[in-house]
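K.L.:
Dropping the structure in here first, questions after.
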Amino acid sequence: MPKSPKSAVLSTGIGVGLAVGLYGISFGALSAAAGLSLAQTQVLSLLMFSGGSQFAVAGVIAASGPAGIVPAILSAWLLGIRNGFYALRLNGVLGVTGVLKVVASQLTIDESNAVSAAQDNTEDSKRGFWITGISVFVFWNLFTFVGAYLGSKAGSPNTWGLDAAAAAAFLGLVWPRLKGLQSNFIAVTAAVFTLLLVPVLPSGIPVIVGAPVAVGLVYILKRTRIGARLKEADHA
Amino acid sequence: MPSYWIAVLVGSIAVFSWKILGYLVPARIANHKEVVILAGKLTVALLAALTAVESLVSGHGVVLDSRIPAILVAAVLFWRKAPFVVAVALAAATAALLRHFLGWA
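Protein sequence lines correspond, in order, to chains H and P. For what it's worth, numbering that gives the first Met the number 0 labels the leading residue of the first sequence as 0, then goes sequentially. For what it's worth, numbering that gives the first Met the number 0 labels the leading residue of the second sequence as 0, then goes sequentially.
Now the structure itself:
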C-alpha cells in the first residue's frame, strides 16, 4: 500500500532526526575532549542547537583553551547566520506567533528547513518543519549525552585521534556544500588565507578573519575577467 | 572550568539571535536573494577555514602530523558517500593507530 503524504513526512522527519542525531555522538565526544564539562556540552546542544556552531565552539576551545572563548563565540555566531535565512523563509510558511515563534526559532536549523522546503503544500511544509525539528532536537541531545559521557572517559584526546575527528567533522560539514567551481574556490581561498594568518594573529582569530576575506575576494574578482569565468562555471 | 560557561551561554544567545531575527523581520524585506547567497558563501568559507585549522595547525604554526592521513581517509569516505559518523570515526582511528603503532606525532 502506498504511503499517504502525511506518514511520508513523518517517516522522513524521524529518519532525518535519527541520522543527524547520531552526529551528536561525535560532537559530545569532541566537546568533552576539548575540556568542556558534561553540563556545558549538554547545554550547547540544548541552547545553541546548531551543529556547525557547536563544533566551532568545541574545536576553537580545544585548540586555544580559555584564550579561545571570544573567537569561539564569534565563529559560532558567524556560522549561525544561515539559520536566520531559514527563519525568514519559515516565518512565511509557519505563521507562528508568541511563544510558538520562540520555539520555532530554536528548531530552525539546516535539516528542519530542508525537509519543510521539500514539501509541495503548506500543510506538509509546516508538518515537515515541526516533525524534523523536534526529532533532530531529541536525538541530537540524546546522542550528545552519550558522546560526552564516552569522551569524558577516554583520557587524552589525541591518543584516540579525537583531534583528527574534529578535522574530519568540519570536512564532513563543508563537503555537501562544495558543488561548483565558485564554492570550491571560496573554500580553498578561505583555508589558505586562514593558514597564512595563523602565525601572526591570536589563536582562533585567523578563521574569523580569513573566511570573510575570502568571500570578499570573490565579490572583488566578480568585477574582473577571471570572475566572469567563475560566474559562468557556477550558478550557485 | 567555569569560564567556558561564557562561551556556552553567550555563544548560544548569539546563535539564537539570528534565528529569532529571521522571524521578526517583515516578509517583504526578507527575501533578498543576494543576502541569502552571501550567507551560503560565508558558511562554506568558515567551514573550510575550520577544516584547515583543525587538520594542520598546532599552537601558532602549521604542523604536519597524523591528522593528514586521517583527513585523507575522511575525504575518500565522504567522496564515497559514507555516513558522517563512520567517516569521522575512521579518521580518528587512523590517527590513533599511526600514533600507537608507528609513533607518529
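Idealized CB from N, CA, C, for every residue including glycine. Since we're looking at a predicted model, the values are computed, not measured.
Does any CB atom of chain P fall closer than 7 Å to the CB of Pro-1 of chain H?
P.N.:
By 1-based counting over the first sequence, the position of residue 1 of chain H is 2. Because Pro-1 of chain H sits at a pLDDT of 48, beneath the cut-off of 50, its placement in the model cannot be relied upon, and the following sentence gives the value as read from the coordinates. It does not: the Cβ of Pro-1 of chain H has no partner Cβ on chain P nearer than 7 Å.
K.L.:
Is it true that the CB of Val-206 of chain H sits closer than 7 Å to the CB of Val-52 of chain P?
P.N.:
Along the second sequence, one-based indexing puts residue 52 of chain P at 53. Along the first sequence, one-based indexing puts residue 206 of chain H at 207. Yes; because the gap between Cβ atoms is below 7 Å, this pair is in contact.
K.L.:
What is the rounded straight-line gap between the Cα of Arg-126 of chain H and the Cα of Leu-195 of chain H?
P.N.:
In the first sequence, the residue the question calls residue 126 of chain H occupies position 127. In the first sequence, the residue the question calls residue 195 of chain H occupies position 196. Distance between the alpha carbons of Arg-126 of chain H and Leu-195 of chain H is about 46 Å.
K.L.:
Mapping DSSP to helix, strand and coil, what is Gly-60 of chain P?
P.N.:
The residue you call residue 60 of chain P lines up with position 61 of the second sequence. Correct three-state label for Gly-60 of chain P: strand.
K.L.:
Find the residues of chain H that neighbour Leu-63 of chain P, judging by a C-beta separation of less than 7 Å, and give them in chain order.
P.N.:
Here residue 63 of chain P is taken as the residue at index 64 of the second sequence, counted from 1. Chain H residues near Leu-63 of chain P: none, gap ~12 Å exceeds 7 Å.
K.L.:
Show which residues of chain P have a CB atom less than 7 Å away from the CB atom of Val-173 of chain H.
P.N.:
For the purposes of this step, residue 173 of chain H is taken as the residue at position 174 of the first sequence. Here the neighbours are Val-43, Leu-46, Ala-47 and Thr-50.
K.L.:
Of all Cβ atoms in chain P, is any one closer than 7 Å to the Cβ of Leu-161 of chain H?
P.N.:
One-based indexing of the first sequence puts residue 161 of chain H at position 162. Closer than 7 Å to some Cβ of chain P, the Cβ of Leu-161 of chain H qualifies, so yes.
K.L.:
With respect to the alpha helix (DSSP H) encompassing Phe-128 of chain H, which residues constitute its N-terminal and C-terminal limits?
P.N.:
Taking the first sequence and counting its residues from 1, the one referred to as residue 128 of chain H is at position 129. Residues 121 to 152.
K.L.:
Is the Cβ-Cβ distance between Ala-69 of chain P and Ala-90 of chain P less than 7 Å?
P.N.:
Here residue 69 of chain P refers to the residue found at position 70 when the second sequence is read from its first residue. Here residue 90 of chain P refers to the residue found at position 91 when the second sequence is read from its first residue. Yes, they are a contact pair.
K.L.:
What does a CB cutoff of less than 8 Å around Ala-28 of chain H pick up in its chain, not counting 5 residues either side in sequence?
P.N.:
By 1-based counting over the first sequence, the position of residue 28 of chain H is 29. Contacts found: Gly-146, Ala-147, Leu-149, Gly-150, Ala-153, Leu-161 and Ala-164.
K.L.:
Can you check whether the CB of Tyr-85 of chain H is closer than 7 Å to the CB of Asn-120 of chain H?
P.N.:
The residue given as residue 120 of chain H occupies position 121 in the first sequence. The residue given as residue 85 of chain H occupies position 86 in the first sequence. No, the Cβ-Cβ distance between Asn-120 of chain H and Tyr-85 of chain H is not below 7 Å.
K.L.:
Roughly how many whole angstroms lie between the Cα atoms of Trp-78 of chain P and Leu-172 of chain H?
P.N.:
On the second sequence, position 79 is the one that residue 78 of chain P refers to. On the first sequence, position 173 is the one that residue 172 of chain H refers to. Rounded to the nearest angstrom, the two C-alpha atoms are 13 Å apart.
K.L.:
What residues of chain P sit near Leu-170 of chain H, judged by a beta carbon separation below 7 Å?
P.N.:
The residue labelled residue 170 of chain H in the question sits at position 171 within the first sequence. Here the neighbours are Thr-50, Ile-70, Ala-73, Ala-74 and Phe-77.
K.L.:
Report, in whole angstroms, the separation of the C-beta atoms of Thr-193 of chain H and Gly-209 of chain H, which I expect to be a contact under 8 Å.
P.N.:
Position 194 of the first sequence, counting from 1, holds the residue named residue 193 of chain H. Position 210 of the first sequence, counting from 1, holds the residue named residue 209 of chain H. Contact holds; Cβ gap of about 3 Å.
K.L.:
Going by the CB atoms, is the gap between Ser-124 of chain H and Ser-115 of chain H shorter than 7 Å?
P.N.:
Position 116 of the first sequence, counted from the first residue, corresponds to residue 115 of chain H. Position 125 of the first sequence, counted from the first residue, corresponds to residue 124 of chain H. Yes; because the gap between Cβ atoms is below 7 Å, this pair is in contact.
K.L.:
Nearest CA to the CA of Tyr-22 of chain P: which residue from H:Thr-11, H:Leu-87 and H:Phe-128?
P.N.:
As a first step, residue 22 of chain P must be located in the second sequence, where it is residue number 23. Closest option to Tyr-22 of chain P, Cα to Cα, is H:Leu-87.
K.L.:
Between the segment 8 to 25 of chain P and chain H, which residues of the former have CB atoms less than 7 Å from a CB of the latter, in chain order?
P.N.:
Val-9, Gly-10, Ser-11, Ala-13, Val-14, Phe-15, Trp-17, Lys-18, Ile-19, Leu-20, Gly-21, Tyr-22 and Val-24
K.L.:
Leu-93 of chain H lies in the alpha helix (DSSP H); which residues open and close that run?
P.N.:
Position 94 of the first sequence holds residue 93 of chain H. Element bounds for Leu-93 of chain H: 80 to 93.
K.L.:
Label Thr-223 of chain H either buried or exposed according to how many other C-beta atoms from any shown protein chain fall within 10 Å of its C-beta, with 16 as the threshold for buried.
P.N.:
Counting from one through the first sequence, the residue named residue 223 of chain H turns up at place 224. Thr-223 of chain H should be labelled exposed.
K.L.:
Over what stretch of residues does the alpha helix (DSSP H) that includes Ala-163 of chain H continue unbroken?
P.N.:
By 1-based counting over the first sequence, the position of residue 163 of chain H is 164. Segment 161 to 173, the alpha helix (DSSP H) holding Ala-163 of chain H.
K.L.:
Between Phe-83 of chain P and chain H, is the shortest Cβ-Cβ distance under 7 Å, so that the two count as touching?
P.N.:
Counting from 1 along the second sequence, the entry for residue 83 of chain P is found at position 84. So yes, Phe-83 of chain P belongs to the interface.
K.L.:
So for Leu-265 of chain H, helix, strand or coil by DSSP?
P.N.:
A query on residue 265 of chain H cannot be resolved here, the shown segment of chain H reaching from 0 to 235 and no further.
K.L.:
When the Cα atoms are used, what is the spatial distance from Phe-138 of chain H to Ile-219 of chain H?
P.N.:
Reading the first sequence from its first residue, position 139 is the one you call residue 138 of chain H. Reading the first sequence from its first residue, position 220 is the one you call residue 219 of chain H. Note on geometry: alpha-carbon atoms of Phe-138 of chain H and Ile-219 of chain H lie some 42 Å from one another.
K.L.:
Cα separation between Val-199 of chain H and Gln-39 of chain H?
P.N.:
Locating residue 199 of chain H in the first sequence gives position 200, counting from the first residue. Locating residue 39 of chain H in the first sequence gives position 40, counting from the first residue. About 31 Å.
K.L.:
Can you look up Pro-240 of chain H in the DSSP assignment and give me helix, strand or coil?
P.N.:
Lying outside 0 to 235, the shown extent of chain H, residue 240 of chain H is not represented and no answer is given.
K.L.:
The alpha helix (DSSP H) with Lys-32 of chain P in it runs from where to where?
P.N.:
The residue labelled residue 32 of chain P in the question sits at position 33 within the second sequence. Start and end: 32 to 55.
K.L.:
Check this for me: beta carbons of Ala-44 of chain P and Ile-108 of chain H, under 7 Å apart or not?
P.N.:
Walking along the second sequence from the start, residue 44 of chain P turns up at place 45. Walking along the first sequence from the start, residue 108 of chain H turns up at place 109. It is not a contact, given that the beta carbons lie outside the stated cut-off.
K.L.:
Which two residues bound the contiguous alpha helix (DSSP H) that contains Trp-4 of chain P?
P.N.:
Along the second sequence, one-based indexing puts residue 4 of chain P at 5. Element bounds for Trp-4 of chain P: 3 to 23.
K.L.:
In chain order, what residues of the same chain lie with their CB nearer than 7 Å to the CB of Ala-71 of chain H, ignoring the 5 residues before and after it?
P.N.:
By 1-based counting over the first sequence, the position of residue 71 of chain H is 72. Same-chain partners within the cutoff: Ala-55, Val-56, Val-59, Ile-60 and Gly-203.
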